[in-house]
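Beneath this line is the structure, given in structure tokens, with notes to follow.
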Amino acid sequence: MRFTLLLFFVLLVGCGPQDDSRPSESERMDIEAEIDTTAVVSAGQEISGAAFQTLSRNLQQAVKEGGVKNALEFCNVRAMPLTDSLAAHYGIKLRRASHQPRNPVNRADSLEMETIKEYIRKIEQGGELKPVTYARGNTITYHAPIRIPGQLCLNCHGSPGTDIAQSDLKTIQELYPEDEATGFEMGELRGIWSIQFPPGHFDQQDE
1 MRFTLLLFFV
11 LLVGCGPQDD
21 SRPSESERMD
31 IEAEIDTTAV
41 VSAGQEISGA
51 AFQTLSRNLQ
61 QAVKEGGVKN
71 ALEFCNVRAM
81 PLTDSLAAHY
91 GIKLRRASHQ
101 PRNPVNRADS
111 LEMETIKEYI
121 RKIEQGGELK
131 PVTYARGNTI
141 TYHAPIRIPG
151 QLCLNCHGSP
161 GTDIAQSDLK
171 TIQELYPEDE
181 ATGFEMGELR
191 GIWSIQFPPG
201 HFDQQDE
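Taking the UniProt record's numbering, the leading residue of the sequence shown gets 1, the next gets one more, and so forth.
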């Protein structure tokens, strides 16, 4: 079970339109003063947790049936449709973004890169990584970190020939010819959860 959960947490990053505009720091502070960030973080944690649980149940079966290779194939075909379905259920946009994506559609946009760079800086300084929120117009965005939590995760994202078996590397190259998601070390940032709440989302909850 622990192997499945650790493996899933980083695989899901590899498995909506991007908007590169972002508010200035002063604009962000002014707008965030007007929103309930506690509610945003609570909702973000609930949704990302639900996504994790939904995909982990399916990935657990994939690993049980065929190991890492089968898990990679599961993520390639099933992960995004499942998270898209969950996003539709909650009425939000949900994705996993990375500075080194396995799937190019998960490449971080400029706002996501801002968060990623800040998380990397905090890791280097030994700081704590906490969820962050942004507000642009009436759209609220939630980001939370995804890290490499243990040695088992390096089976898919570590160093080829050392952590990644040759047969699994071949599968990665076949499924993801533009893969950039190897060479990670334990504890490094793999990417982030990125959730966008539409205008009025929290107003509806307050009614």
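Quick reminder that beta carbons are idealized off the backbone N, C-alpha and C, glycines included. Small disclaimer: the values here were computed from a predicted structure and weren't measured.
Query                                                                                                              : Result
Nearest candidate by alpha-carbon position, reference residue 140, set 151, 111, 89 and 117                        : 111
Residue from 156, 163, 85 and 194 whose Cα sits closest to the Cα of residue 176                                   : 156
Reduced DSSP category for residue 2 - H, G, I as helix; E, B as strand; rest coil                                  : Note on residue 2: pLDDT 42, under 50, position unreliable in the model; no value is reported.
Boundaries of the alpha helix (DSSP H) in which residue 74 is found, first to last residue                         : 37-74
Outcome for residue 106 when other beta-carbon atoms lying within 10 angstroms are tallied against a minimum of 16 : buried
Residue 193 beta carbon less than 8 Å from that of residue 42                                                      : no
Those residues which DSSP pairs with residue 136 across a bridge                                                   : 139
Inter-residue spacing [alpha-carbon to alpha-carbon] between residue 200 and residue 138                           : 7 Å
Residue range of the alpha helix (DSSP H) that includes residue 169                                                : 166-175
Cβ contact (3+ pairs, closer than 8 Å) linking the stretch 168-186 and the stretch 112-120                         : no
The stretch 70-81 touching the stretch 141-148, judged by at least three CB pairs closer than 8 Å                  : no
Delimiting residues of the alpha helix (DSSP H) encompassing residue 108                                           : Premise fails: residue 108 is in no alpha helix (DSSP H) and is neither H nor E.
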